[in-house]
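Colleague:
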Amino acid sequence: MKSLVFDLGGVVVVWDPVAPIAAAVGPERAEHFVHGGEFDFAAWNRAQDAGRSWDDAEAAAIEAHPHLAAEISAYRRNFPLALPELVPGTSEILGALRSRGHRLVALTNWSAETFPHAPQRFPEVFALFDDVIVSGVEGVAKPDPAIFLVLGRRLGHPLDGVLFVDDSLPNVDAARAAGMDAVHFTGAAALSCELRERALID
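Below, the structure is given as structure tokens:
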């Protein structure tokens, strides 16, 4: 049996931050809010991934950007819309690994408050994981090296050689620095090849 560690958003579950906001203000305004540059959505959201509460996050953002109050409040309120589907092919890979007796652990950058929507939306996939480590619960997010110390404690054994899969190159680099065998996820087909090379699936 081997332990394998998977990121969730962009690897197992599709994450679309525009959709919850578009439900309130329309797609054009939502796209501008998330990707337009006036508001640093990535940095704002990352603080919640690292443990900041959504009440504090929304209050600070609305104070700084009162003209974006509708966009700011819409994301959490409509969050289930951010999870439209599973990433094609990954759940089948997880099932194949599980059938081989491997231990599956998720290590995700996710707010503690919004994370419960994911297992509610995809219970059959989350049932494949032996453990899920949520950055917002731990108060530290990838690629901070401290999150890999948390992972090691949860696994109960050294990280050396443990396979880690993530769609973020900084996270992959951090995992390698922690001694892991890290794979940059670009799709299920490429991941299957990586796993076959390691004799983890047929």
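The sequence shown begins at 1 in UniProt numbering and counts up one residue at a time. Here a beta-carbon is modelled for each residue, glycine too, at the ideal position from N, C-alpha and C.
Is the CB-CB distance between residue 206 and Val11 below 8 Å?
Modeller: Only positions 1 to 202 of the chain appear in the structure, and residue 206 is not among them; the question remains open.
Colleague: Buried or exposed for Arg52, going by 16 or more other Cβ atoms inside 10 Å?
Modeller: Buried.
Colleague: Could you spell out the range, first to last residue, of the beta strand (DSSP E) harbouring Ser3?
Modeller: Counting along the chain, the beta strand (DSSP E) containing Ser3 begins and ends at Ser3 to Phe6.
Colleague: Are Ser168 and Ala50 touching if we call contact CB-CB under 8 Å?
Modeller: The answer is no: Cβ separation not under 8 Å.
Colleague: I think Val140 touches Ile133, with their Cβ atoms under 8 Å apart; what is that distance to the nearest whole Å?
Modeller: Actually they do not touch by this definition, with Cβ atoms about 10 Å apart.
Colleague: Which of the three DSSP states is assigned to Phe185 in this structure?
Modeller: If DSSP states are grouped into helix, strand and coil, Phe185 belongs with coil.
Colleague: Where does Gly139 sit, in a helix, a strand or coil, going by DSSP?
Modeller: Coil.
Colleague: Based on DSSP bridge pairs, tell me the residues matched to Arg103.
Modeller: DSSP lists Ser3 as partners of Arg103.
Colleague: For Arg100 and Ile201, which I take to be in contact (beta-carbon distance under 8 Å), what is that distance rounded to the nearest angstrom?
Modeller: About 7 Å separates the two Cβ atoms, so the contact holds.
Colleague: Using the DSSP secondary-structure output, state which residues sit across from Asp131 in a beta bridge.
Modeller: Val105, per the DSSP bridge assignment.
Colleague: How close, in whole Å, do the beta carbons of Asn171 and Asp7 come, if the pair is a contact with beta carbons under 8 Å?
Modeller: Indeed, because the Cβ distance is near 7 Å, the residues count as touching under 8 Å.
Colleague: Could you give the distance in angstroms between the alpha-carbon of Val34 and the alpha-carbon of Ala19?
Modeller: Rounded to whole angstroms, Val34 to Ala19 spans 10 Å at the Cα level.
Colleague: Is it the case that the stretch 74-88 contacts the stretch 114-133, given that we only count it when at least three CB pairs across the two stretches are under 8 Å?
Modeller: Segments in contact, yes.
Colleague: Just confirm the distance between the C-beta atoms of Ala175 and Ala182, as a whole number of angstroms; I'd bet it's less than 8 Å.
Modeller: Ala175 to Ala182, Cβ: 4 Å. Contact.
Colleague: Could you tell me which of Arg198, Val5 and Glu197 sits nearest to Leu94, measuring between CA atoms?
Modeller: It is Val5.
Colleague: On the criterion of 16 or more Cβ atoms from any shown chain inside 10 Å, does residue 204 qualify as buried, or is it exposed?
Modeller: The shown model of the chain, from 1 to 202, leaves out residue 204, and the question about it has no answer.
Colleague: Does Glu138 pass the burial test, meaning 16 or more other C-beta atoms within 10 Å, or should it be called exposed?
Modeller: Buried, because 16 or more other Cβ atoms sit within 10 Å of the Cβ of Glu138.
Colleague: Helix, strand or coil, according to DSSP, for Asp160 in the structure here?
Modeller: Note: Asp160 maps to coil in three-state DSSP.
Colleague: Need the endpoints of the alpha helix (DSSP H) that residue 213 sits in, please.
Modeller: Missing from the structure shown is residue 213; the chain here goes from 1 to 202 and no further.
Colleague: When you compare only the Cα positions, how much space is there between Ala69 and Ala30?
Modeller: Ala69 and Ala30: Cα-Cα distance of roughly 12 Å.
Colleague: Taking the straight line between their C-alpha atoms, what separation do you get for Glu197 and Leu191?
Modeller: Their Cα atoms are separated by approximately 10 Å.
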